[in-house]
Each structure stands twice: as C-alpha cells, then as structure tokens.
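Residue numbers for the sequence shown follow this note's numbering, so the first one is 409 and each next one is one higher. Here the structure is laid out as structure tokens; the discussion comes afterwards.
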Amino acid sequence: EVPFQIPTAYNDLSKTICNWALSEDVKAKEIVIFQGIPQRGIIDEYPVYYAAEEVMMDHLEKFGVTKVEKGIIVGPEATVLNEALTNRLHAYALFTPVLEIPTPEGAASILEVLNKMYELTIDTASLIEQGKEIKSKMLELAQKAQQYQQQQQLPGTGKEYTGYFQ
C-alpha cells in the first residue's frame, strides 16, 4: 500500500475505477475488494469473511463466506466500496487473516472463494507454496536469532522466536 500525497487521490482513483467498470466496454455489475485482517501469532487456517450490502449476504454465505462481525475498512478499498455503492454497482469486500509478513495463503483462500463464486480456474498452488517458503525462511531466521541470543548469553530463552513461525 502506498499512501497518496494528494488528499483527493483515493476519491479520484475510486471514481475512475467505477466509471471504467460501468463503461460500455466493461459493463461490470459487481466490484470486489480484498483486504487482510492483521493477526498476531500462528495462522493455521485462512477463513474468508465478507462485508456487503444486505442484498448480497445470502449469495455470499451460499459459498461458505462468513460475515465479518466488526471492523473498519480503510484506505483506497474503502473509497472504492463507497463510490461503487453510490453507483449501479454491487460491491463487497472479502477479508482473510494475514500476518505482518506476506501471507500468500490468505490470497489463495480468497481466490478459492472467487473460483467457486464465478466459476473461475485460478490456480492457487503457487501461492500456497510461496507461503510455505516464506514461513520456512522466517523460521530459519528465528532459529538464527535464537542461536545468536544464546551465544551472546542474553537473558531469556529465545523460544518465542521460533514458536511464532511453527
């Protein structure tokens, strides 16, 4: 995410996206935005949640997506949703838990839902593999940090480093 320096940039971007979606070339009926829900600790599963207008709720739940209980949508995603809702577009947001590091498995979960909903065939295997690689590298770094801490005879056990990524 890159913040814009111009205060109206998100609004301008959102209007441009919605105008393009409504154009004769595209004729979109829906806009879907994705956003991660920051989470600490270990994520074993990546459930997908939604935020949507009431008219879309049954449709989304039919595909196993759960309504997010509470939260706030911020940034360009929020302005795209707001702009779409003032137009003729149905708009909704999909969320999944993410870590403070890249979390390709979360993206894969959202893509799997979209595959079901729109009868797509987007392959998510490479995203899942990337997630495993990232976790493996982070575990390796955590183990090195633990070894370094033990070599320096710093206080603490260092167990908290590796437990985060296992």
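Glycine included, C-beta positions come from ideal geometry on N, C-alpha and C. Quick caveat, the model's predicted, so the values are computed rather than measured.
Quick one: what's residue i bridged to in DSSP?
| i | result |
| --- | --- |
| F471 | In DSSP, F471 forms no bridge with anything. |
| E438 | H498 |
| T405 | The requested residue 405 is not part of the displayed model; the chain covers only 409 to 574. |
| A459 | A501 |
Only counting the same chain, and skipping five residues up and downstream in sequence, which positions put a Cβ closer than 7 Å to that of residue i?
| i | result |
| --- | --- |
| F579 | Only positions 409 to 574 of the chain appear in this structure, which leaves residue 579 out of reach. |
| Q443 | I481, E485, A501 and F503 |
Between the Cα of residue i and the Cα atoms of the options, which residue gives the shortest distance?
| i | options | result |
| --- | --- | --- |
| L497 | E520, S431, A436 and S544 | A436 |
| I509 | I445, E438, D433 and E432 | I445 |
| R448 | V440, Q559 and T511 | T511 |
| K543 | L507, K524, E438 and I414 | L507 |
| E491 | L430, T529, S517 and L528 | L430 |
| A460 | L489, G483 and N495 | L489 |
Tell me which same chain residues have a C-beta within less than 6 Å of the C-beta of residue i, skipping the five on either side of it?
| i | result |
| --- | --- |
| Q538 | P512 |
Counting beta carbon pairs with one atom in the segment 499 to 507 and one in the segment 451 to 469, are three or more of them shorter than 8 Å? yes
The segment 456 to 476 touching the segment 415 to 429, judged by at least three CB pairs closer than 8 Å: Judged by pairs of C-beta atoms under 8 Å, the segment 456 to 476 does not touch the segment 415 to 429, as fewer than three such pairs exist.
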